[in-house]
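Here the protein sequences come in this chain order: A, B, C, D, E and F.
The opening residue of the first sequence carries number 1037 in my numbering; numbering runs sequentially from there.
The opening residue of the second sequence carries number 1037 in my numbering; numbering runs sequentially from there.
The opening residue of the third sequence carries number 1037 in my numbering; numbering runs sequentially from there.
The opening residue of the fourth sequence carries number 24 in my numbering; numbering runs sequentially from there.
The opening residue of the fifth sequence carries number 24 in my numbering; numbering runs sequentially from there.
The opening residue of the sixth sequence carries number 24 in my numbering; numbering runs sequentially from there.
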Amino acid sequence: MKFVIAIVKPNRVDDVREALSTVGVRGMTVTDAKGYGRQKGHTEIYRGAEYKIDFTPKAKIEVAVDDAQLTLVIEAIRRSASTGKIGDGKIFVLELLETMRIRTGETGSDAL
Amino acid sequence: MKFVIAIVKPNRVDDVREALSTVGVRGMTVTDAKGYGRQKGHTEIYRGAEYKIDFTPKAKIEVAVDDAQLTLVIEAIRRSASTGKIGDGKIFVLELLETMRIRTGETGSDAL
Amino acid sequence: MKFVIAIVKPNRVDDVREALSTVGVRGMTVTDAKGYGRQKGHTEIYRGAEYKIDFTPKAKIEVAVDDAQLTLVIEAIRRSASTGKIGDGKIFVLELLETMRIRTGETGSDAL
Amino acid sequence: MTTALDTGNTAWVLTSTGLVLFMTLPGLALFYGGLVRTKNVLSVLMQCFSIASIVTVLWVAVGYSLAFTPAENPAVNAVVGGLGKAFLANVPRGALTGSIPETVFAMFQLTFAIITPALIIGAFAERMRFGAMLLFMALWSLVVYVPVTHWMWGGGWLQRMGALDFAGGIVVHVTAGVAGLVTCLYLGERKGYPTTPMPPHSLTLSVVGAGMLWVGWFGFNAGSALAANGAAGMTLTATQVSAATAASVWSFLEWQRHGRASVLGIITGAVAGLATITPASGYVGVGGAMAIGAVAAVVCFFSATTFKRRLGYDDSLDAFGVHGVGGILGSILTGVFASVTLGGTEQISIGRQVGVQLLACAATAAWSGGMTWVLMKIADVALGARADEEQETIGLDLTNHEERGYDLT
Amino acid sequence: MTTALDTGNTAWVLTSTGLVLFMTLPGLALFYGGLVRTKNVLSVLMQCFSIASIVTVLWVAVGYSLAFTPAENPAVNAVVGGLGKAFLANVPRGALTGSIPETVFAMFQLTFAIITPALIIGAFAERMRFGAMLLFMALWSLVVYVPVTHWMWGGGWLQRMGALDFAGGIVVHVTAGVAGLVTCLYLGERKGYPTTPMPPHSLTLSVVGAGMLWVGWFGFNAGSALAANGAAGMTLTATQVSAATAASVWSFLEWQRHGRASVLGIITGAVAGLATITPASGYVGVGGAMAIGAVAAVVCFFSATTFKRRLGYDDSLDAFGVHGVGGILGSILTGVFASVTLGGTEQISIGRQVGVQLLACAATAAWSGGMTWVLMKIADVALGARADEEQETIGLDLTNHEERGYDLT
Amino acid sequence: MTTALDTGNTAWVLTSTGLVLFMTLPGLALFYGGLVRTKNVLSVLMQCFSIASIVTVLWVAVGYSLAFTPAENPAVNAVVGGLGKAFLANVPRGALTGSIPETVFAMFQLTFAIITPALIIGAFAERMRFGAMLLFMALWSLVVYVPVTHWMWGGGWLQRMGALDFAGGIVVHVTAGVAGLVTCLYLGERKGYPTTPMPPHSLTLSVVGAGMLWVGWFGFNAGSALAANGAAGMTLTATQVSAATAASVWSFLEWQRHGRASVLGIITGAVAGLATITPASGYVGVGGAMAIGAVAAVVCFFSATTFKRRLGYDDSLDAFGVHGVGGILGSILTGVFASVTLGGTEQISIGRQVGVQLLACAATAAWSGGMTWVLMKIADVALGARADEEQETIGLDLTNHEERGYDLT
Ligand SMILES: Nc1ncnc2c1ncn2[C@@H]1O[C@H](COP(=O)(O)OP(=O)(O)O)[C@@H](O)[C@H]1O
Ligand SMILES: Nc1ncnc2c1ncn2[C@@H]1O[C@H](COP(=O)(O)OP(=O)(O)O)[C@@H](O)[C@H]1O
Ligand SMILES: Nc1ncnc2c1ncn2[C@@H]1O[C@H](COP(=O)(O)OP(=O)(O)O)[C@@H](O)[C@H]1O
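Here it is as structure tokens:
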């Protein structure tokens, strides 16, 4: 199995979720994050004090998938998350050794 | 070493922490997350506008452990996080290549 | 490639970001987290009800790097995040199988 | 009309002046601010504060005079007043309006001139650029609010025609509500409306604002009696009864439709009851107030929920759906429940009076609607009214003001 | 008692009416709302707004009349008034109560009728279902608040017996405090209490509410003088002194016990001082006010911290621990410090008066406690009073109102 | 000066007393509290509440008497009053100050005695330990505020010299502003200042506070007329005009410099306009008020932005930059615009009066500055004034009060 981490723009999350559902993904976990990269941040000014904020808001989507699903999943994320603008984000793939569904104790693919 | 990621219900975190301590885990990192899965979300209505919220609040617990501890740790999490209801969450196990304690520079198991 | 996860004190994040830039890291993702470990938490009291809070605020920095960069990156984080006090945090290194830049579809090192 | 200063009446109108300003700063600002998304909260607060500031300057400069000073020429005076009191010239400290100092009257009226344009914000929230908003509001205050105030309260044609508007159903709510409808039609709906969820970012904030509006409305309505007497007492009573009845009925309707009552519902109901009773507040009895409150809840409930969604326009925070509809409704019902035969204070023929009220509403709505479109066009051409897509995505706070509403980390 | 309208007195009571409503909307709502967990904040705000609405309707319909209109039969009148002024019939605009319009008096009293049941919320917060809460409060307002008000202020038996209660220690705080204790005993403690931490979700909100309560209390106490004169001035002074003394003493006690003072502590102390001085506020001097404030802080400090934990009942926000205990304490101390011998205004024998005060508290507590249990039972059987486990876990906001307090992402 | 009680005037001053207390609790507390970082919000709220409590006790005990009771010895009376009214002894309910009860006057003045030290908080926010802060404030209130009040309003030397200060430019803003500057110089800048970003944690909160300050200032200035008449009306007008003008000008300056206007800017401008008009508010006309508001915005804008950064001291929330500078500026301009020749009310030679005003400011600044340093030293030696590095990093809320401002999870 693989553990896929996708960093996307916050307003893309719903589309990504739908796209993943259509390729058979039944669950995922999303976390709010701040991203640093080529996309530049913004400036804030308070009584003349100018602050450069380098981080931009991102959403981190984590999804565990079967090896068989992987390419479909990556493609689904890319398609649904892409706006063509800098800052669209990244997809990272890690090896997933084991999975367990807490409720049932099922392991492996059955736990996804 | 292994990197264990557990997605659990927010109100289980304290129990999981205690369970992990009892099996000798000395540290862990917890993040607020939103989960999507079989457990269904809720509805919100504002002046007639009905919003279906598919995500449910979850806590993500990350803990790095020795290979020797792994089974104990997984069992401890399962036991303490399980309520038997849909949405109890998942445990994911990844391979952990290296660890370092920033304060001392120690690496490997000593850094846990 | 490697996927580096660093748990650091929140007020170290900017220094870590700068340190990473100087060693050629072009992007990273940061998440707010709560840490449990040797560093002890604090107490809160509300109308005589005393609560022991075991968790301390931490920042989780995730950065994907080339194998070549790894040692430099680890060293940069350690140097910039260390205060010498308990609670400075940890660095975890995982194997990263694949990376993709969503905007362009580039993969591997080019996507970093 | 007495001609000696009454310190008690003056004390009450001074207090009411504070209460009505409080309705805008921060009352309405919070009520609206809580309903938008986090990324736009400051833009709403900013709009309220900047309107309060610019309108104050304009009001003192010419607004008060044009609204409340008779123009020499009677024909002109039917539609707008004169400039004899520009910059409050010829308003010595000793000058009285009834039994209170004229300066107090001028400031009390100023607070109405402030909240009226501020009400419009609710219709175009989350998508109008700050510069154009401010230009539009400055013009609107002079071109719409000031003349209509003169028509109704400054000796203009509506007043002479016998239209009844105790505390501003026509002057405040009809003008602002209709203007709101026009501005949101002009700007078009927010990006993603209605598919994308746009939940209130802090109902807590909105509830605080609602509480301030409710209490402040005592000054708005009972203060309009310009005296601390039985009339003020009955006006306050009618206000309280209508607000409470409307809030209760709204909750009941929600419970009927959704199986539960909501806090957004109850505060919206209260505001609907308050807006609707306004023109009638000084003329009706307890029964009339209850009836008006109940009708207000039913009508505004449908206009703000079903109706709006069906027609598909994006009145972001229901400035028209609640204030406009409530204002029109209340102005018409004033023609009914003001009658002595229904426990009111006026010796009127209900049929005839309703006709007068309808005419007054129509004329005011037409003027406000038409002028609003023209002024929006001017502001748009001059400064660009609509925030571009990126500004809307990132939010107006960062893009228009380079600030963030919260930094809670 | 003068029989001519005094505009100054009227202006002050009109203002006080606004101030006391402001104490509930949004004052108390925020004070309580900030103390609960995020998932329940709206439920508290909703409870306050719905109580304000329903009680207003009931008060105007029958409450005011039953409380303040004499019943024909003197025996009946000892316990409850008549219906002669139902729907404020026979209350013309010209009618006076002392030197102010009766409508103003009726509305001023309404704001007390609103905040009293709202105070009870603090005892059962985070676990009572909305429907049952509303039914209970409507009944309680008629069965407990209205009669007790008549006993004490409407010519009923307590008043005739010579009990002293200037602004509501017995009528407001004893009735609500005891009712709170009974409701929390009836419902049982919250899931996880006392082991699970249940920290306030926003002390900032509670501090805002506390500030509103403090200022609003000027209207509550000094407004009860029904005049803008030296009596009102001294009452306001006593109120301010007691609040400040209690806040200081509470901080001192915390510093003694925990080595630091807290903001929750100082606002709780201030509220304790305000609740406790209420019945005495119009009768005491500066020294008496300081003494009452100091004693209030010490007694409420222990009742809200040590005492409650020892007995183990879950008075979520200390409605009984602060308001109930403070009310009883203040009502008794009124019998002491009201005496001219101690700088007060009353020619009384302290011993006898304390006895009268004790009897009044006991009778009121018994009636309120007993009826509260009965009415809770009725509401429970009819609609189900206790939120089920899942509702408590998810929170009342989403489960009872389908809304969320904040969406700050 | 009339010697009969006027209920209308009394009603207005009672109301103003509530308004000015509301400026501190919770107005100023929120205005300041929103500007600090999340980890310190409670410390600011706590400082405001504890100051309000301790100062109330001290004021009633000796402060009021020392400020407003003549000392036997005329020489002594030039600098401080007597103890004849300690604990408000010899202040019967019937006692009058002008046409209002003396108790009302004493409480109205108390609210000024409360907000003045509270203003200082803005200068040392986020780094002063609670215990030392409280000790310092108690001493400062007696050593600085009370005497200066006597100098200016209690028959002391400034008043006899003919200095003009209608509502507290010298007594409130100069004393507090200069004290702020000294405290922040004494404590040194916050850890990380100015390199580390220290953005406001909740501008929403600050805007709420600003709204409360604006409205409350009606009581502050117009209440100082101690009557509900034309003087109060004109004072309120001047206050509103100056605030609005300053807010508008500040926004304009920001737009010039940064290409956009901000909400923090507009509320800061409004407060600058309010602080600056204070000493002049009762003496000037509309034109004077506009001029003062405009100048206030320009001068404070540069003192709070450019100036402070250039000199590098850390006046955290610009207590000196806005209140101090505004107070001095306003006190001087009073000498100009109070003149009848410029639409004011005073028959003065502008040149001479400006000299008197300058002298008054200088003397007050010198006394406040010097004593502040001494008292800080005392508090520091006694209890340790500066939070240590770890406390500053973790925040004052957890380390000084063991509480957290928000728990929104
Ligand atoms: N090396 C990296 N490791 C982890 N996260 C990264 C890395 N590079 C970029 N990111 C994440 O991806 C987001 C988008 O990257 P950015 O360079 O801004 O745009 P793009 O991906 O379009 O080139 C960043 O905000 C950051 O959250
Ligand atoms: N494939 C997945 N990848 C990542 N997280 C998942 C995945 N499936 C489920 N989760 C997480 O586990 C949580 C619980 O899953 P769910 O299907 O709702 O219940 P259960 O685990 O009891 O079957 C989800 O809310 C989500 O956070
Ligand atoms: N085994 C672990 N797995 C995951 N995170 C850990 C682990 N141990 C420690 N951490 C994280 O590192 C942080 C610092 O660890 P701690 O033991 O407090 O100090 P130190 O790293 O200096 O020994 C913890 O707060 C926690 O977030």
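Here a beta-carbon is modelled for each residue, glycine too, at the ideal position from N, C-alpha and C.
Predicted, not measured: the structure shown is a model, and the values here were computed from it.
Quiz prompt | Nearest-angstrom beta carbon gap, A:F1039 and B:L1108 [assumed within contact, 8 Å] | solution = Locating residue 1108 of chain B in the second sequence gives position 72, where the first residue counts as 1. Locating residue 1039 of chain A in the first sequence gives position 3, where the first residue counts as 1. Not a contact, Cβ separation roughly 22 Å.
Quiz item: Nearest chain A C-beta to D:M24 closer than 9 Å, yes or no?
Solution: In the fourth sequence, counting from the first residue as 1, residue 24 of chain D sits at position 1. Reliability of the predicted coordinates at D:M24 is poor, the pLDDT of 44 falling under 50, and the value obtained from them is presented with this limitation in mind. Chain A, which has no Cβ nearer than 9 Å to the Cβ of D:M24, makes this no.
Quiz item: Can you tell me whether DSSP reads D:L119 as helix, strand or coil?
Solution: Within the fourth sequence, residue 119 of chain D is the residue found at index 96, counting from 1. In the structure shown, D:L119 sits in a strand (DSSP, three-state: E or B).
Self-check item: Within the stretch 83-109 of chain D, ranges of the beta strand (DSSP E) (whole runs, at least 3 residues)
Solution: none
Quiz item: Between the stretch 154-163 of chain F and the stretch 396-405 of chain F, do at least 3 Cβ pairs fall closer than 8 Å?
Solution: yes
Quiz prompt | Residues proximal to ligand 1 by C-beta, any heavy atom closer than 7 Å | solution = Going along the chain, the residues that qualify are A:I1043, A:A1069, A:G1071, A:Y1072, A:G1073, A:R1074, A:Q1075, A:T1092, A:K1094, A:I1122, A:G1123, A:D1124, A:G1125, A:K1126, C:V1061, C:R1062, C:G1063, C:M1064, C:T1065, C:E1098, C:V1099, C:A1100, C:V1101, C:R1137, C:I1138, C:R1139, C:L1148.
Quiz item: If you measure from the beta carbon of F:E412 to each beta carbon in chain C, is any gap under 9 Å?
Solution: If you number the sixth sequence from 1, residue 412 of chain F lands on position 389. Judged by the 9 Å Cβ criterion, F:E412 is not in contact with chain C.
Exercise. Would you kindly work out how many angstroms separate the C-alpha atoms of B:V1101 and F:S285, rounded to a whole number?
Key: Counting from 1 along the second sequence, the entry for residue 1101 of chain B is found at position 65. Counting from 1 along the sixth sequence, the entry for residue 285 of chain F is found at position 262. If you take the alpha carbons of B:V1101 and F:S285, they lie about 50 Å apart.
Quiz item: By the 10 Å Cβ neighbour count, where 16 or more other Cβ atoms means buried, how is C:T1140 classified, buried or exposed?
Solution: Position 104 of the third sequence, counted from the first residue, corresponds to residue 1140 of chain C. C:T1140 comes out exposed.
Quiz item: DSSP state of C:D1103, grouped into three classes?
Solution: As a first step, residue 1103 of chain C must be located in the third sequence, where it is residue number 67. If DSSP states are grouped into helix, strand and coil, C:D1103 belongs with the helices.
Quiz item: Taking contact to mean at least 3 C-beta pairs separated by less than 8 Å, is the stretch 1042-1052 of chain C in contact with the stretch 1110-1118 of chain C?
Solution: yes
Quiz prompt | Best match in B:V1066, B:K1070, B:M1037 for proximity to C:G1073 [C-alpha to C-alpha] | solution = Locating residue 1073 of chain C in the third sequence gives position 37, where the first residue counts as 1. C:G1073 has its Cα closest to that of B:V1066, out of B:V1066, B:K1070, B:M1037.
Quiz item: Which of the three DSSP states, helix, strand or coil, is assigned to B:D1068?
Solution: Translated into positions along the second sequence, residue 1068 of chain B becomes position 32. B:D1068 carries a strand assignment under DSSP once its states are collapsed to helix, strand and coil.
Quiz prompt | CB contact check: F:M130 to chain E, cutoff 9 Å | solution = Working through the sixth sequence from its first residue, we reach residue 130 of chain F at position 107. For F:M130, at least one C-beta of chain E is nearer than 9 Å to its own C-beta.
Quiz item: Taking DSSP as the reference, what is the three-state secondary structure of C:T1078?
Solution: Within the third sequence, numbered from 1, the residue matching residue 1078 of chain C stands at position 42. Note on identity: in this sequence residue 1078 of chain C is His, with Thr being the wrong assignment. Note: C:H1078 maps to strand in three-state DSSP.
Exercise. Closer than 6 Å by C-beta to E:A270: which residues in its own chain qualify, once you throw out the five before and the five after it? Chain order, please.
Key: The count along the fifth sequence starts at 1 and reaches residue 270 of chain E at position 247. Within the same chain, E:A270 has close Cβ partners I289, G292, A293.
Self-check item: Nearest-angstrom Cα separation, counted from D:I371 out to D:A186
Solution: Looking up residue 186 of chain D in the fourth sequence gives position 163. Looking up residue 371 of chain D in the fourth sequence gives position 348. Cα to Cα, the separation comes out at about 11 Å.
Quiz item: Where does E:F189 fall in DSSP's three states?
Solution: As a position in the fifth sequence, residue 189 of chain E is number 166, starting the count at 1. In the three-state DSSP reduction, E:F189 falls in the coil class, being neither helix nor strand.
Self-check item: Cβ-based burial, E:R333 [other Cβ within 10 Å; buried from 16]
Solution: Locating residue 333 of chain E in the fifth sequence gives position 310, where the first residue counts as 1. Burial call: exposed.
Quiz item: Which term fits D:T432, buried or exposed, when burial requires 16 or more other beta carbons within 10 angstroms of its beta carbon?
Solution: For this step, residue 432 of chain D is matched to residue 409 along the fourth sequence. By the neighbour-count rule (16 or more Cβ atoms within 10 Å), D:T432 is not buried but exposed.
Practice problem: Could you say which of E:Y429, E:H424, E:D430 lies nearest to B:R1083 if we only look at CA atoms? | Solution: Locating residue 1083 of chain B in the second sequence gives position 47, where the first residue counts as 1. Of the candidates E:Y429, E:H424, E:D430, the one whose C-alpha sits nearest the C-alpha of B:R1083 is E:H424.
Exercise. Evaluate F:P170 with the Cβ neighbour count: other Cβ atoms within 10 Å of its Cβ, from every protein chain shown; 16 or more gives buried, anything less gives exposed.
Key: Working through the sixth sequence from its first residue, we reach residue 170 of chain F at position 147. Flag for F:P170 reads buried.
Practice problem: Specify, as a first and last residue, the run of the alpha helix (DSSP H) that F:R375 falls within. | Solution: Taking the sixth sequence and counting its residues from 1, the one referred to as residue 375 of chain F is at position 352. Counting along the chain, the alpha helix (DSSP H) containing F:R375 begins and ends at 373-406.
Quiz item: Using a C-beta to C-beta distance shorter than 7 Å, which residues of chain F count as neighbours of E:L226?
Solution: The count along the fifth sequence starts at 1 and reaches residue 226 of chain E at position 203. What E:L226 touches in chain F: L65, E426, G428.
Quiz item: Does ligand 5 have even one heavy atom less than 8 Å from the beta-carbon of A:F1128?
Solution: Looking for ligand 5 in the displayed structure turns up nothing; the ligands present are ligand 1, ligand 2 and ligand 3.
Quiz prompt | Cβ neighbours of E:K331 in the same chain (closer than 8 Å, five flanking residues each side left out) | solution = Locating residue 331 of chain E in the fifth sequence gives position 308, where the first residue counts as 1. Result list for E:K331: D338, D341, G344, in chain order.
Quiz item: Count the other CB atoms within 10 Å of the CB of F:Q279; is the residue buried (16 or more) or exposed (fewer)?
Solution: Within the sixth sequence, residue 279 of chain F is the residue found at index 256, counting from 1. Looking at its Cβ environment, which holds fewer than 16 other Cβ atoms inside 10 Å, F:Q279 is exposed.
Quiz prompt | Cross-chain neighbours of F:N244 in chain D, by beta carbon under 9 Å | solution = Position 221 of the sixth sequence, counted from the first residue, corresponds to residue 244 of chain F. Per Cβ cutoff of 9 Å: no residues; F:N244 is ~11 Å from chain D at best.
Self-check item: 9 Å Cβ cutoff met for E:T26 and E:S122
Solution: Within the fifth sequence, the letter at position 3 stands for residue 26 of chain E. Within the fifth sequence, the letter at position 99 stands for residue 122 of chain E. Against a cut-off of 9 Å, the Cβ pair of E:S122 and E:T26 comes out as a contact.
Exercise. With a threshold of 16 other CB atoms inside 10 Å of the CB of A:I1122, please say whether the residue is buried or exposed.
Key: If you number the first sequence from 1, residue 1122 of chain A lands on position 86. Under this definition A:I1122 is an exposed residue.
Quiz prompt | Residue burial classification, F:D188 (beta-carbon count within 10 angstroms, cutoff 16) | solution = Taking the first residue of the sixth sequence as position 1, residue 188 of chain F is located at position 165. That one is buried.
Quiz item: Where does the unbroken beta strand (DSSP E) through B:D1085 begin, and where does it stop?
Solution: Within the second sequence, the letter at position 49 stands for residue 1085 of chain B. The amino acid at residue 1085 of chain B is misidentified as Asp; the sequence shows Ala. B:A1085 -> beta strand (DSSP E) spans 1085-1089.
Quiz item: Along the chain, where does the alpha helix (DSSP H) that runs through E:E125 open and close?
Solution: Within the fifth sequence, the letter at position 102 stands for residue 125 of chain E. Note, E:E125: alpha helix (DSSP H), 125-147.
Exercise. Determine, using beta carbons only, whether A:E1054 comes closer than 9 Å to chain D.
Key: Position 18 of the first sequence, counted from the first residue, corresponds to residue 1054 of chain A. Taking Cβ atoms only, chain D never reaches closer than 9 Å to A:E1054, which makes this a no.
Practice problem: Taking D:T7 as the query, report the chain A residues whose CB atoms sit under 7 Å from its CB, ordered along the chain. | Solution: Absent from the model: residue 7 of chain D. The displayed extent of chain D is 24 to 432, so no value can be given.
Quiz prompt | Proximal residues, the stretch 1071-1091 of chain A versus chain D, C-beta separation under 8 Å | solution = H1078, T1079, E1080, I1081, Y1082
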